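K.L.:
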Amino acid sequence: MRTQRVAAMLLLALALLAGCGEATTRAASSGEGGAPSATLPALRTKLAAIAGDECATQPGEQVYTGCARFVREVQNVVPAARKESGAVPSAEVLTRAADDVDGAVNRLTQDGCVASGGAPVGAAAVCGPDLASLQEGFRALVAAVGK
Numbered sequence: 371m372r373t374q375r376v377a378a379m380l381l382l383a384l385a386l387l388a389g390c391g392e393a394t395t396r397a398a399s400s401g402e403g404g405a406p407s408a409t410l411p412a413l414r415t416k417l418a419a420i421a422g423d424e425c426a427t428q429p430g431e432q433v434y435t436g437c438a439r440f441v442r443e444v445q446n447v448v449p450a451a452r453k454e455s456g457a458v459p460s461a462e463v464l465t466r467a468a469d470d471v472d473g474a475v476n477r478l479t480q481d482g483c484v485a486s487g488g489a490p491v492g493a494a495a496v497c498g499p500d501l502a503s504l505q506e507g508f509r510a511l512v513a514a515v516g517k
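In this note's numbering, the protein residues as written are 371 to 517.
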């Protein structure tokens, strides 16, 4: 049931993001110092949906084997978050959090922690801390984007 709720929230967030036109996105999010953005509320909705995933909330060593989807979702939301840097109180904090997320995703990939095509995933001693690092970076990204 929880998975269905998270999936429904993700679909809603994707629909909201898809409904924003390219011209609106550029004009609305190009401002500086907390300027209004047409896509910021949709981004916040998507981040909230992802934050409810067990891969975001459970200890990394316990759940990392089933978190490839979570890793991709977080990786895919980073460019949208970067585009909104001009619409949040601190662009520097958002950029730092996005960089941390990108680094954690790279480590998870390099360490073989993201299952792909049935390949076995890496060891818990490596992948657990890698996922914990992604969780920490993701929480910082959510905080930087705001609620």
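Glycine is no exception: its CB is placed at the ideal position from the N, C-alpha and C atoms.
None of these values were measured; they are calculated from a predicted model.
#1: Rank Ala426, Arg414, Glu462, Leu511 by C-alpha distance to the C-alpha of Leu501 and give the top, closest one.
#2: With a CB to CB cut of under 7 angstroms and the five nearest residues on each side skipped, what residues in its chain are close to Ala461?
#3: Rounded to whole angstroms, what is the Cα-Cα separation between Pro459 and Ala514?
#4: Which same chain residues end up closer than 7 angstroms to Val448 when comparing Cβ atoms and leaving out the 5 residues on each side of it in sequence?
#5: Is the distance from the Cβ of Val441 to the Cβ of Val491 below 8 angstroms?
#6: So the alpha helix (DSSP H) Val471 belongs to, where does it begin and stop?
#7: Assign Gly507 to one of two classes, buried (16 or more other C-beta atoms within 10 Å of its C-beta) or exposed (fewer than that).
#8: I'd like the span of the alpha helix (DSSP H) that includes Gln432, first residue to last.
#9: For Ser503, name the three-state secondary structure that DSSP assigns.
P.N.:
Here's the rundown:
#1: Among Ala426, Arg414, Glu462, Leu511, the Cα nearest to that of Leu501 belongs to Ala426.
#2: Sequence-distant partners of Ala461 (beyond 5 residues in either direction) whose C-beta falls short of 7 angstroms from its own C-beta, in its chain, are Ser455.
#3: C-alpha separation (whole angstroms): 8 angstroms.
#4: Ala468, Val471, Asp472
#5: no
#6: Secondary structure note for Val471: its alpha helix (DSSP H) is the uninterrupted segment 461-480.
#7: buried
#8: 430-433
#9: helix
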